[in-house]
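Right, one structure below, let's go through it.
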Amino acid sequence: MRADDERAFTEYAQGRVLELRRTAYRLCGDWDQAHDLTQTALIRLYRHWPKVARADSPDAYTRRILVNAFLDQRQTWWSRKVSSVPEPPDVPAPADGLVDRLDLMAALARLAPGQRAVIVLRYWEGLDVAETARALGCSPGTVKSQTSYAIAALRRLLPNYIGGRA
Numbered sequence: 001m002r003a004d005d006e007r008a009f010t011e012y013a014q015g016r017v018l019e020l021r022r023t024a025y026r027l028c029g030d031w032d033q034a035h036d037l038t039q040t041a042l043i044r045l046y047r048h049w050p051k052v053a054r055a056d057s058p059d060a061y062t063r064r065i066l067v068n069a070f071l072d073q074r075q076t077w078w079s080r081k082v083s084s085v086p087e088p089p090d091v092p093a094p095a096d097g098l099v100d101r102l103d104l105m106a107a108l109a110r111l112a113p114g115q116r117a118v119i120v121l122r123y124w125e126g127l128d129v130a131e132t133a134r135a136l137g138c139s140p141g142t143v144k145s146q147t148s149y150a151i152a153a154l155r156r157l158l159p160n161y162i163g164g165r166a
């Protein structure tokens, strides 16, 4: 890679790494995996930087790389065994909203990877249907149907939030 491309990549990556890590966490629900996912996405981004730098929207291209890395890794993560976690000690009640976020993250973890990606991109990242479709490499109709299925699944998984607290 040329020196000016190298500098441009470094500047771009440094400016986006925290945002990428937050999005990765929202996708996978684990900070360690989010760090690994971010690194994987940055490596792929570096390999394709000359093409990304010329793209109409480097951020959209980068988001697509991150989502693809998540979907690729989910295919191997699902097969890992989950060890049982001991009961936590009695602690004071968490701050308002923390329980809701934890419930939501647990429910998101139970969604299919594609449905989880749609929810994260649409509702956390604020992308519209067309932008989400580009990020996932699918049609807008698929985004709409996956969003519908994901919301229905979240309603089943979070019945206490329907018409109540949320």
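The opening residue of the sequence shown carries number 1 in the working numbering; numbering runs sequentially from there. Backbone N, C-alpha and C define an ideal beta-carbon position, used for all residues, glycine too.
Using the three-state DSSP reduction, which class does M105 fall into: helix, strand or coil?
To locate residue 105, count along the sequence shown from 1; it is residue 105. Residue state, collapsed to three classes: helix.
Alpha carbon of L127 to alpha carbon of Y149, nearest angstrom
Looking up residue 127 in the sequence shown gives position 127. Looking up residue 149 in the sequence shown gives position 149. C-alpha separation (whole angstroms): 18 Å.
Best match in E19, R156, D4, V143 for proximity to R110 [C-alpha to C-alpha]
Numbered from 1 along the sequence shown, position 110 holds the residue referred to as residue 110. R110 has its Cα closest to that of R156, out of E19, R156, D4, V143.
According to the Cβ coordinates, are T192 and A69 closer than 8 Å?
No answer is possible for residue 192: the residues shown for the chain start at 1 and end at 166.
Is the beta carbon of I65 less than 8 Å from the beta carbon of L45?
The residue given as residue 65 occupies position 65 in the sequence shown. The residue given as residue 45 occupies position 45 in the sequence shown. Contact: yes.
Is the beta carbon of D100 less than 8 Å from the beta carbon of A53?
Locating residue 100 in the sequence shown gives position 100, where the first residue counts as 1. Locating residue 53 in the sequence shown gives position 53, where the first residue counts as 1. No, the pair does not count as a contact, with Cβ atoms beyond the cut-off.
Measuring only the C-alpha atoms, how far is W77 from V120?
Translated into the one-based positions of the sequence shown, residue 77 becomes position 77. Translated into the one-based positions of the sequence shown, residue 120 becomes position 120. Because W77 sits at a pLDDT of 49, beneath the cut-off of 50, its placement in the model cannot be relied upon, and the point is left open.
E131 (DSSP reduced to helix, strand or coil)
Locating residue 131 in the sequence shown gives position 131, counting from the first residue. Helix at E131.
Kindly indicate which three-state DSSP category R189 falls into: helix, strand or coil?
Since the displayed the chain opens at 1 and closes at 166, residue 189 lies outside it and no answer follows.
Taking all protein chains shown into account, do 16 or more other C-beta atoms lie within 10 angstroms of the C-beta of T62, making it buried, or fewer, making it exposed?
For the purposes of this step, residue 62 is taken as residue 62 along the sequence shown, with counting starting at 1. With 16 or more other Cβ atoms within 10 Å, it is buried.
Given A117 as reference, the closest of E131, S145, L158, L71 once Cα atoms are compared
Translated into the one-based positions of the sequence shown, residue 117 becomes position 117. Among E131, S145, L158, L71, the Cα nearest to that of A117 belongs to L71.
I'd like to confirm something about A117: is its beta-carbon nearer than 7 Å to some heavy atom of the ligand HEM, or not?
Among the components modelled here there is no ligand, and therefore nothing to report on the ligand HEM.
Cβ shell of R134 (< 8 Å), same chain only, five flanking positions each side left out
Walking along the sequence shown from the start, residue 134 turns up at place 134. Answer for R134: A60, R64, listed in chain order.
Which of the three DSSP states is assigned to A112 in this structure?
Counted from its first residue, the sequence shown places residue 112 at position 112. It is coil, neither helix nor strand.
Out of curiosity, what's the CA-to-CA distance linking P50 and F9?
The residue given as residue 50 occupies position 50 in the sequence shown. The residue given as residue 9 occupies position 9 in the sequence shown. Cα-Cα distance, rounded: 9 Å.
Alpha carbon to alpha carbon, what distance is there between L27 and P113?
On the sequence shown, position 113 is the one that residue 113 refers to. On the sequence shown, position 27 is the one that residue 27 refers to. The straight-line gap from Cα to Cα measures roughly 8 Å.
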